[in-house]
Amino acid sequence: MLDVVKMKEACRICARELCGNQRRWIFHPTAKLNLQVLLSHALGHELTRDGRGEFACSKCAFMLDRMYRFDTVIARVEALSLERLHKLLLEKDRLRQCIGGLFRKHNADDGNVPPPRAVVGVVGTDVGSEDSPVVDLSGLQDGRYSDMIQDDLTYSVYESWADKEDPALDQSHPSRAPPTPSPVPRSRLSLWHEA
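Here is the structure:
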């Protein structure tokens with residue numbers, strides 16, 4: 060009789076009735092993914108054993124696992140993006156210095172051309188920083204060049220990672236139709252096929 064009562068427990072997260080093996084113990088010390096840590100992260104505070112339900116249904120466990128997978132992918136993308144951004148900034152500065160050096164060499168009479176210096180930096184890239192890295196365009200001296208950069212940023216909505224929302228994540232409004240994809244200019248499509 061005691062086993063039947065235990066089998067009628069509810070999920071600690073969604074309160075669904077748990078049946079058979081459709082349960083995952085939240086406080087399992089050797090689980091591949093520690094549900095206690097994942098749930099504590101999702102809640103924003105430490106979850107401890109307090110005598111209330113200690114199991115999660117498989118759907119809630121799946122959602123916690125998916126949240127964790129998103130965070131791991133986000134961390135990898137951020138790390139790769141920062142590394143790539145750093146390389147791009149170094150290469151851009153090398154090109155700028157090369158162009159400036161060639162210009163000064165062949166236009167010695169134009170004495171008012173100062174040597175090039177790095178004017179664009181990455182902000183918020185400290186190793187423990189939770190801030191997103193941001194390219195600081197405030198150092199650009201020429202307003203027209205800064206305007207060109209800002210105009211080009213309008214095309215960022217066509218980048219693959221700039222999707223506004225993921226219909227799979229938005230399950231709170233099932234009657235809403237998924238957004239129609241915006242047309243991608245042909246010139247942007249050709250870049251994907253060349254790579």
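For the sequence shown, position 194 (counting from the first letter as 1) is numbered 253 according to the working numbering, and the numbering increases by one without interruption. Just so you know, even glycine gets a beta-carbon here, dropped at the ideal spot from N, CA and C.
Residue range of the beta strand (DSSP E) that residue i falls in?
i   : result
C73 : Looking at the DSSP string, C73 is not in any beta strand (DSSP E), and its letter there is neither H nor E.
Roughly how many angstroms lie between the CA atoms of residue i and residue j, to the nearest whole one?
i    : j    : result
L144 : R135 : 14 Å
R108 : F86  : 8 Å
C12  : L148 : Any question about residue 12 goes unanswered here, given that the chain covers just 60 to 254.
H104 : F162 : 59 Å
R125 : K118 : 10 Å
C116 : N80  : 9 Å
L141 : K67  : 49 Å
F114 : E137 : 33 Å
H165 : Y214 : 36 Å
V96  : L106 : 8 Å
G267 : D210 : With the chain represented from 60 up to 254, any question about residue 267 goes unanswered, as that position is not in the structure.
D130 : T89  : 21 Å
M207 : K146 : 22 Å
G110 : L139 : 43 Å
Looking at the strands, I want to know which residues DSSP matches up with residue i.
i    : result
F114 : W84
A134 : For A134, which the question treats as bridged, DSSP gives no partner whatsoever.
A69  : E76
Buried or exposed, going by whether 16 or more other CB atoms sit within 10 Å of the CB of residue i?
i    : result
H252 : Summary for H252: the model assigns pLDDT 41, below 50, so the residue's position carries little reliability; its value from the coordinates is reported in the next sentence. H252 should be labelled exposed.
I72  : buried
L123 : buried
L98  : buried
What first and last residue would you give for the alpha helix (DSSP H) that runs through residue i?
i    : result
G103 : That residue, G103, is in no alpha helix (DSSP H); it is neither H nor E in DSSP.
L212 : G202 to L212
Once you ignore the five residues that flank residue i on each side, which residues in its own chain have a CB closer than 7 Å to its CB?
i   : result
A69 : R75, E76, L77 and G112
R83 : L94, F114, A115, S117 and A120
Tell me which residues share the same chain as residue i and place their Cβ nearer than 8 Å to its Cβ, disregarding the 5 neighbours each side in the sequence.
i   : result
N93 : H87
Less than 6 Å between C-beta atoms, sequence neighbours within five positions excluded: which residues of the same chain meet that for residue i?
i    : result
Y127 : L97
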